[in-house]
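Below is one structure, written out as structure tokens; comments come after it.
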Amino acid sequence: MALNRQPQWNIYEAVVLLDAYLEAQRKERPRAHIIKDVSAALRQMALNQGLVIDDVYRNENGISYQLQSMESAFRGEKIYVPATKLFAEVVSVYNQDRSQFDSLLEEAREMIEQHDNKESFLSWASSVLSEKQYKWLDDNILHVEQYARSKGLITGSIYTVSDISTLLSIKKAISKNKLFQIKYRKILHNIYGAFDAYISFCSQQHSRKEATAPVKEETAFTQSDSVIEVRPDISESSEKDGIQRILIEHYQYGFRYDSIREIMRFRQFAEAMGIDLPETDEQLRDTIISSGTVIDDKVFCKSESLPEELRNLVDEAFSTGAETIYYECLLQNKSEWMEEHTITSEGILKEYLRKYLRGCSFAKKFLIKGPKKTEKQAVTEEIKRVWGSSQTENVDSLSERLPYIPLGNIWRVISGNDLFVLSSEGEYLLIDRFVISQDEIEDIVDYVDAICEENGFCSLADVPLGDIEENNYDLSLLAIYNAIYKVALAGKYHLNGKILTKDKPELDAVLLLKQHIKGKTECTFDEVAEKVVELTGGTNRQYAFQALYDEMVRVDKNRFVANNAVSFDVSDIDRVLSTFISDHFVAIRDITTFAMFPLCGQDWNHYLLESFCYKYSRKYSLHVIHFNDKNAGIIAEKDFNKSYPEMLAIELARSDVELKTESVGTYLFNTGYMAKSKYAKLGDIVQRAKEIRKEG
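Just so we're aligned, residue 76 is where the sequence shown starts under this note's numbering, counting upward by one.
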């Protein structure tokens with residue numbers, strides 16, 4: 076069954092979400108794209124764990140909501156959605172132990188990777204099943220997959236499911252389904268046998284994982300016990316020589332030494348090739364194991380030239396100056412050689428490298444020349460090695476110079492690293508190349524200290540640049556300001572958007588805007604909207620409107636003036652308004668003429684009327700869903716005491732409009748009650764309007 080409710084988040088999901096929040100703060104790509112990617116990643120993580128998920132599970136709306144909770148956790152106070160305990164703990168790990176956070180994030184990404192067991196299962200099955208059983212194995216399992224998908228037991232390929240309890244549930248379901256029994260009655264036994272084989276395979280995989288579970292890769296480096304190093308003496312006996320011939324000729328993909336059936340096949344090959352073998356199966360198994368390399372319960376025997384050729388490949392890479400090599404890249408860059416030697420996966424390649432290379436440290440996905448390092452350390456050093464002499468570099472250009480590191484890993488390390496500063500899309504500044512003197516640093520700190528002492532905050536964009544811009548002429552202003560923060564201010568001040576504060580208080584953008592407006596005789600909306608971006612790093616029209624309506628008087632669409640630039644005769648204006656408002660409230664645009672309104676120092680229009688009702692009228696008040704440019708809203712008697720949705724319902728009830736959501740939205744938009752034809756509460760408003768009509 077699909078999940079009926081959203082399960083609690085785990086720490087791996089939380090580190091992925093925090094990483095996404097940090098990426099969103101860098102504004103290198105649209106927030107919507109980041110949310111979409113996180114949703115897809117966490118849904119895949121659940122599928123990899125054997126969960127059956129519905130359309131709601133970790134969907135984009137949910138991720139968007141949780142990002143707001145993570146923002147509260149990161150900033151240390153409630154923004155829109157309160158922080159969860161888990162999110163707060165993950166932020167604490169990020170702030171106090173970055174290496175542990177990076178390790179958790181790497182584990183999470185591994186959990187997200189979609190693991191398809193098909194190739195490894197079929198390879199395993201070929202060594203343990205008879206030719207007859209193996210022939211239709213995949214087709215028989217496909218019948219189970221089709222049934223499980225049709226019943227919602229799984230959502231993708233059966234080979235991506237390895238959870239034993241899930242597989243047993245599927246087996247139980249098909250054994251009880253009469254239609255399935257009838258449809259496949261002639262091959263039912265074969266289907267059960269095939270699916271049992273897959274369950275057995277997954278069970279063995281789990282057993283191996285559990286056996287190695289205590290070995291934690293806290294620093295991303297381990298020495299696996301799954302490789303048994305045996306250095307066979309080929310001349311020791313003709314018996315071992317013959318066994319190696321069989322392994323090389325018939326078992327390029329490995330010999331499953333714990334399979335009785337495979338031992339029987341091995342003897343058949345030996346008989347056909349005229350090779351003598353030990354008499355007992357136990358002796359034969361021991362001799363086979365000692366004749367090659369054991370990797371995950373299989374024995375591999377390669378040509379004598381393999382170790383030297385493999386070392387030469389790695390030496391060739393090291394000779395270019397590289398000190399970090401990802402198995403994935405080595406496998407791709409030397410694909411012909413890998414195919415020739417039947418090295419088909421990163422796992423097999425890694426084990427051979429571990430066996431034959433000395434002086435290297437091995438991580439799960441890469442090797443390093445010399446002592447162990449974290450992925451962040453290793454990739455950072457490689458990036459700096461090929462950086463060149465310029466201040467900035469393009470990530471794609473860096474990737475071309477780092478053929479043994481995947482592009483995605485370069486992006487991940489460079490974008491989350493204090494040594495690099497975003498300059499423009501795809502381009503970063505190496506902080507070591509930023510030109511700034513100690514005197515300039517001190518001047519900046521003194522300036523910020525003084526402004527924060529006076530105002531409680533300082534805009535990063537206001538810090539004195541001196542000769543910094545000229546000395547860093549290749550850099551964008553974005554890069555210059557970000558670099559200044561990292562070099563001069565990061566240890567002493569918190570950066571909220573573009574605002575510097577000593578502590579980490581809740582940033583009241585509207586209050587800061589009011590301080591900016593204070594004392595102005597005239598101001599435009601566009602000017603204040605730009606200030607919002609400067610203060611918060613994003614756009615928010617309502618912040619600008621709120622500050623302007625509170626502190627000034629609106630006289631047209633874009634222009635606001637100081638309060639003393641207008642002189643309202645409040646009683647007379649209220650009297651004129653009463654001639655238009657006979658039933659408690661009207662739409663703003665229902666005031667169709669201003670001929671009777673007294674002079675006030677500004678030309679009358681609906682914008683000026685909004686400001687009057689917002690903060691001057693004694694009898695009437697302004698009601699809007701959001702401040703807007705369309706004069707959409709309501710002027711209502713102050714003692715009417717009805718909510719905005721209730722007044723909309725009353726207006727609908729006393730009109731002759733058809734009470735359907737689409738019709739109602741269009742009507743309220745056209746009559747000036749709403750600035751848009753869509754509103755989240757329209758369904759409830761329509762229902763309330765129907766009730767009012769019935770009440771008469």
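A virtual CB, placed ideally from N, CA and C, is assigned to each residue, including glycine. Predicted model, so just to flag it, every value in this text is computed and none were measured.
So, is V496 buried or exposed, given that buried needs 16 or more other C-beta atoms within 10 angstroms? Numbered from 1 along the sequence shown, position 421 holds the residue referred to as residue 496. Residue burial is scored here from C-beta neighbours: V496 has at least 16 other C-beta atoms within 10 angstroms and is therefore classed as buried.
Which listed residue (R386, L428, I443) has its alpha carbon closest to that of E398: For the purposes of this step, residue 398 is identified with residue 323 of the sequence shown, where counting begins at 1. Checking every option, the nearest Cα to that of E398 belongs to I443.
Give me whichever residues DSSP pairs with A711 in a beta bridge. Translated into the one-based positions of the sequence shown, residue 711 becomes position 636. DSSP lists F660, S696 as the bridge partner or partners of A711.
For V166, I'd like the list of residues in its chain whose CB is within less than 7 Å of its CB, leaving aside the five on either flank, ordered along the chain. To locate residue 166, count along the sequence shown from 1; it is residue 91. Cβ within range, chain order: L93, A148, F149.
Taking the alpha carbon of N546 as the reference point, which residue from K567, V510, Q100 has its own alpha carbon closest? Here residue 546 refers to the residue found at position 471 of the sequence shown. Among K567, V510, Q100, the Cα nearest to that of N546 is on V510.
Ends of the beta strand (DSSP E) at L497? Indexing the sequence shown from 1 puts residue 497 at position 422. Start and end: 495-499.
Pull the bridge partners of H569 from the DSSP assignment, please. As a first step, residue 569 is located in the sequence shown; it is residue number 494 there, counting from the start. Answer is T576, bridged to H569.
Helix, strand or coil at A438 [DSSP, three-state]: Within the sequence shown, numbered from 1, the residue matching residue 438 stands at position 363. In this structure, A438 counts as strand in the three-state DSSP scheme.
Do you know whose CA, among E685, R360, L674, D644, lies nearest V630's CA? As a position in the sequence shown, residue 630 is number 555, starting the count at 1. Cα-wise, what sits closest to V630 is E685.
When the Cα of L126 is compared with those of W412, A269, G231, V585, which residue comes out closest? As a first step, residue 126 must be located in the sequence shown, where it is residue number 51. Nearest of W412, A269, G231, V585 to L126, Cα basis: G231.
Who are the near neighbours of I318 in its chain, counting only those whose CB is closer than 7 Å to its CB and skipping five residues on each side? Walking along the sequence shown from the start, residue 318 turns up at place 243. Here the set comprises T362, I363, S366.
Which one or two residues does DSSP pair with V374 in a beta bridge? If you number the sequence shown from 1, residue 374 lands on position 299. As DSSP reads the structure, V374 sits in a beta bridge with F330, V369.
Give the secondary structure of V630 by DSSP, where H, G and I count as helix, E and B as strand, and everything else as coil. Translated into the one-based positions of the sequence shown, residue 630 becomes position 555. Here V630 sits in coil by DSSP.
Inter-residue spacing [alpha-carbon to alpha-carbon] between R693 and T668: Position 618 of the sequence shown holds residue 693. Position 593 of the sequence shown holds residue 668. Each residue's Cα considered, the two are about 21 Å apart.
Taking C-beta to C-beta, are I663 and I725 nearer than 8 Å? Counted from its first residue, the sequence shown places residue 663 at position 588. Counted from its first residue, the sequence shown places residue 725 at position 650. Inclusion of I663 and I725 in the CB contact set at 8 Å is not warranted, their separation being larger than that value.
6 Å Cβ shell around R306 - same chain, five flanking residues per side excluded: Looking up residue 306 in the sequence shown gives position 231. In this prediction, R306 scores a pLDDT of 40, lower than 50, which makes its location untrustworthy; the coordinate-derived value is nonetheless stated afterwards. Take R306, set aside five residues on each side of it, and no residue of its chain has a beta-carbon closer than 6 Å to its own.
Buried or exposed for G329, please, with buried defined as at least 16 other CB atoms from any protein chain shown within 10 angstroms of its CB. For this step, residue 329 is matched to residue 254 along the sequence shown. G329 is classed as buried because its beta carbon has at least 16 other beta carbons within 10 Å across all chains shown.
Rounding to the nearest angstrom, what Cα-Cα distance links E135 and D665 in this structure? As a first step, residue 135 must be located in the sequence shown, where it is residue number 60. As a first step, residue 665 must be located in the sequence shown, where it is residue number 590. Whole-angstrom Cα-Cα distance: 41 Å.
Assigned exposure category for L757 - 16 Cβ within 10 Å defines buried: Here residue 757 is taken as the residue at index 682 of the sequence shown, counted from 1. In this structure L757 is buried. Its beta-carbon is surrounded by 16 or more other beta-carbon atoms within 10 angstroms.
Which word fits L243, buried or exposed, when buried means at least 16 other C-beta atoms lie within 10 angstroms of its C-beta? The residue you call residue 243 lines up with position 168 of the sequence shown. Answer is exposed; the Cβ neighbour count stays below 16.
Would you call N484 buried or exposed, if buried means 16 or more other Cβ atoms sit within 10 Å of its Cβ? Stepping through the sequence shown from its first residue, residue 484 is reached at position 409. Flag for N484 reads buried.
Evaluate T449 with the Cβ neighbour count: other Cβ atoms within 10 Å of its Cβ, from every protein chain shown; 16 or more gives buried, anything less gives exposed. By one-based count along the sequence shown, residue 449 stands at place 374. Counting C-beta atoms within 10 angstroms of its own C-beta, T449 has 16 or more neighbours from the protein chains shown and is therefore classed as buried.
Residue of D351, N408, C376 minimising C-alpha distance to E391: As a working note, residue 391 is residue 316 in the sequence shown. Among D351, N408, C376, the Cα nearest to that of E391 belongs to N408.
Presumed contact (8 Å Cβ cut-off) between I17 and L727, rounded CB distance: A query on residue 17 cannot be resolved here, the shown segment of the chain reaching from 76 to 771 and no further.
Using the C-alpha atoms, what's the distance from I266 back to D191? Counting from one through the sequence shown, the residue named residue 191 turns up at place 116. Counting from one through the sequence shown, the residue named residue 266 turns up at place 191. Distance between the alpha carbons of D191 and I266 is about 20 Å.
For F296, which of helix, strand or coil comes out of DSSP? Residue numbering aside, residue 296 sits at position 221 when the sequence shown is read from its first letter. Its pLDDT being 31, under 50, F296 is placed unreliably by the model, and nothing is read from it.
Supposed contact pair A554 and L504 - C-beta distance, whole angstroms, cut 8 Å: Against the sequence shown, residue 504 aligns to sequence position 429. Against the sequence shown, residue 554 aligns to sequence position 479. At roughly 5 Å, the Cβ-Cβ gap stays under 8 Å, so L504 and A554 are in contact.
Just verifying my parser: in three-state terms, what is the DSSP assignment at V641? Working through the sequence shown from its first residue, we reach residue 641 at position 566. Correct three-state label for V641: coil.
What residue ranges within the region 472-556 form continuous beta strand (DSSP E) runs of no fewer than 3 residues, ordered along the chain? Taken in chain order, the complete beta strand (DSSP E) segments of 3 residues or longer contained in the region 472-556 are 495-499, 502-505.
Could you name each continuous beta strand (DSSP E) segment of 3 residues or more that falls completely within the region 395-421, going from the start of the chain to the end? If we require 3 residues or more, the beta strand (DSSP E) runs fully inside the region 395-421 come out as 399-401.
For the alpha helix (DSSP H) containing T611, name the first residue and the last one. Here residue 611 refers to the residue found at position 536 when the sequence shown is read from its first residue. That run of the alpha helix (DSSP H) goes 600-611.
Please tell me whether W412 and L388 are closer than 8 Å, where the distance is taken between their beta carbons. On the sequence shown, residue 412 is found 337 positions in, with the first residue counted as 1. On the sequence shown, residue 388 is found 313 positions in, with the first residue counted as 1. Contact check for W412 against L388 passes: the beta carbons are separated by less than 8 Å.
Could you have a look at F635 and say whether DSSP puts it in helix, strand or coil? Mapped onto the sequence shown, residue 635 falls at position 560. In the three-state DSSP reduction, F635 falls in the strand class (E or B).
Where does the unbroken beta strand (DSSP E) through T467 begin, and where does it stop? Working through the sequence shown from its first residue, we reach residue 467 at position 392. Counting along the chain, the unbroken beta strand (DSSP E) around T467 starts and ends at 467-469.
Just verifying my parser: in three-state terms, what is the DSSP assignment at K593? Within the sequence shown, residue 593 is the residue found at index 518, counting from 1. The three-state reading of DSSP puts K593 in coil, since its state is none of H, G, I, E or B.
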